Amino acid sequence: MGDAGPLTPDPLHHDGSAGDNGRVEADGAPPLREVKVLVTGFGPFKSFLINPSWLIASALPEELYPSPSTDTPHKSPDYKIKLIVHPSAVRVSYSTVSTTVPTLIATHNPDFILHIGMAGGRDCYSLEIRGHRDNYRIKDVDDCDGFTWGENRWRTEGIPEVLYVAWDEVDVLSRWEDGVERGLRERGFLGTGEMDKALADSGKGVNEAETPTSATRAVPITPIGLGRANVPRNLMWGTSNMPVSSTKADEHRRKAVVKLSCDAGRFLCEYALFESLSRRWLEGQRRGDWQATSHKKATDAVSSSASPEVVSNNNASSSSVSDPSRSDSEDEATERVGKVAFLHVPGWTGVEDINRGVMVAEEAIRALIGSWEDGYRRNGTGGRRVVGTQALSYTKQHSEEAGRVASSTWRA
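Under the UniProt record's numbering, think of the first position of the sequence shown as 1, with each following residue one higher.
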C-alpha cells in the first residue's frame, strides 16, 4: 500500500556505458567531478491513485550534464550530475519518511537532496524554500499524524522551528526559467520549427555533439523518451517529436510555468523537506558547525517576521567559506547544510504531462547545482535579488483546488 507499483525496466538492454548518454569528452581532459543528487518520489495517497511525482522521478536519467555557467558561459563546467533515484515510491507515511530519508542519506551521502511530490491544486511547478517543525496534523495512509515521528523528536533534538534551504532562490529560479524555455524549444514541445531553430541557434543537431576541443566537452541534445546511452527509456511515455499546433504549443508553455513557494503544506511533502533539512542541520551541529548555529538564529528571527512570502537572502545558512582549522568532514557537513530542495509538481498524469515534468525536473536540478557551483547562496554570497518583482515569483495556489485554502491541504 502506498507504492506506485513495480519499476518499468528499460525496454532495451545496452552493454555500453549507461552514464555516457551520448556525451563526448575530449582526449586528455581531466575526469569530470561527480555531484551526487538523491531523488525521491511519492506513491499513491487518499484519492490520488497515481502520483505523478513518482512517474517523473522514476523516468529521470542516471546522469545529467550542466548547462554552461551564467557567470562564465564560454567555460565548460568541470562536473557532471549523478542522479541517485530511490528505486521505489516513498509510502505517504510519516514513519516511512522518518526511517527512509535518514537511511538514504547515510547510505548515499549525497551532495544534494531533491524530493518530488504532488500539489494537485497547483497548475505550476514550484520549488519550496522552507520547512516547519510543528503541526503536521493531517493523517497519512496509516491514519497517523506527524507528532510522534516528527515534531516530538525534532523538538527533543533541538531543531529550530523553521529551516530554510541554503541555495539562492532568485538565482535558481532565473536559471530554471531559462532552462525550461530552452527545454521546451529544443525537445520539440513547441513544434519542430522551434526545435530546429533552437538547435541551430545553439549550433547543435538532435543527438549531435559539438566538436570538442582540449578545453571543452560537448553535451548533445537528447529528445524526451531517449535516455541512458540514447536508448529508448520508458517507452510508455512516447516522445515529443510530433507535429505541434500553435494551440498545443501555447498549452505546453502554460503548463511549464515554474515558481517558488514558501508553503509546502504541512503534510508529507513539507515533512520530507524538513526531515532532510533537519538531518543536514544536525550533521553540522554535531561537527561543531558554527554556520548551523547562525542559521538557527536567523530562522528563529525570520519565523517571527510579518512577511513570509518575501524572504531576504540574509536570513539563511551556509556559506562557501571554510575555516582552515576544521577537518574535511566538518567542512563537508558545513557545505551540505541546507542543500535540500522540494519540487512540487501538478497532478497531471497524461503522457505529455509526464514528458514535460521530466524535462522541468531535469532543469530544476541543473539550476540548483549550477547556482551552487557558481557560488550563489541565500545568505547573500554572490546572490542577486530583484526586490520589486520577487513576490510575483511565489505561488499562492494550494493543493486541492487552485486558489482555495483547503481545511485539509493535501500535498504529497
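Note that the Cβ used here is the ideal one computed from N, Cα and C, for glycine as well.
Every value quoted in this text rests on a predicted model; they were computed, and no experiment measured them.
- Taking 9 Å as the cut-off, the Cβ atoms of glutamate 362 and proline 61 count as close.
- Counting along the chain, serine 126 sits inside the beta strand (DSSP E) bounded by residues 125-128.
- Residue Glu34 holds the alpha-carbon nearest to the alpha-carbon of isoleucine 84 among Ser174, Glu34, Trp348 and Asn355.
- Secondary structure at phenylalanine 342: strand, using DSSP grouped into helix, strand and coil.
- The three-state secondary structure of valine 90, taken from DSSP, is strand.
- Beta-bridge partners assigned by DSSP to lysine 36: Lys82.
- The continuous stretches of beta strand (DSSP E) do not include phenylalanine 189, and DSSP gives it neither H nor E.
- Separation of glycine 179 and valine 162 (C-alpha to C-alpha, rounded to the nearest whole angstrom) is 30 Å.
- When only Cα atoms are considered, valine 39 and leucine 114 end up about 5 Å apart.
- Counting of Cβ neighbours within 10 angstroms places valine 172 among the buried residues, the total reaching 16 or more.
- Residue pairing of isoleucine 116 in beta bridges, as defined by DSSP: Gly41 and Leu343.
- If you check the CB distance, histidine 86 and leucine 104 come in under 9 Å.
- Bounds of the alpha helix (DSSP H) holding valine 360 are 351-373.
- If you look at tyrosine 164, you'll find it in the beta strand (DSSP E) that goes 162-164.
- Going by DSSP, serine 53 is part of the alpha helix (DSSP H) stretching over 52-58.
- For valine 258, the three-state secondary structure derived from DSSP is strand.
- Judged by DSSP in its simplified three-state form, histidine 132 adopts strand.
- The C-beta distance from valine 345 to methionine 195 rounds to 24 Å, too long to meet the 8 Å contact threshold.
- Within the same chain, and ignoring the five residues on either side of glutamate 177 in sequence, the residues whose Cβ sits closer than 8 Å to its Cβ are Val258.
- Per the DSSP secondary-structure output, phenylalanine 267 pairs with nothing in a beta bridge.
- The residues Tyr94, Val97, Tyr136, Gly146 and Gly150, in chain order, have a CB closer than 7 Å to that of tyrosine 271 in the same chain once the five nearest residues on each side in sequence are set aside.
- A contact is defined here as three or more CB-CB pairs under 8 Å, and the segment 345-356 fails this definition with respect to the segment 137-144.
- The continuous stretches of alpha helix (DSSP H) do not include asparagine 379, and DSSP gives it neither H nor E.
- Taking C-alpha positions only, lysine 396 is separated from threonine 247 by approximately 27 Å.
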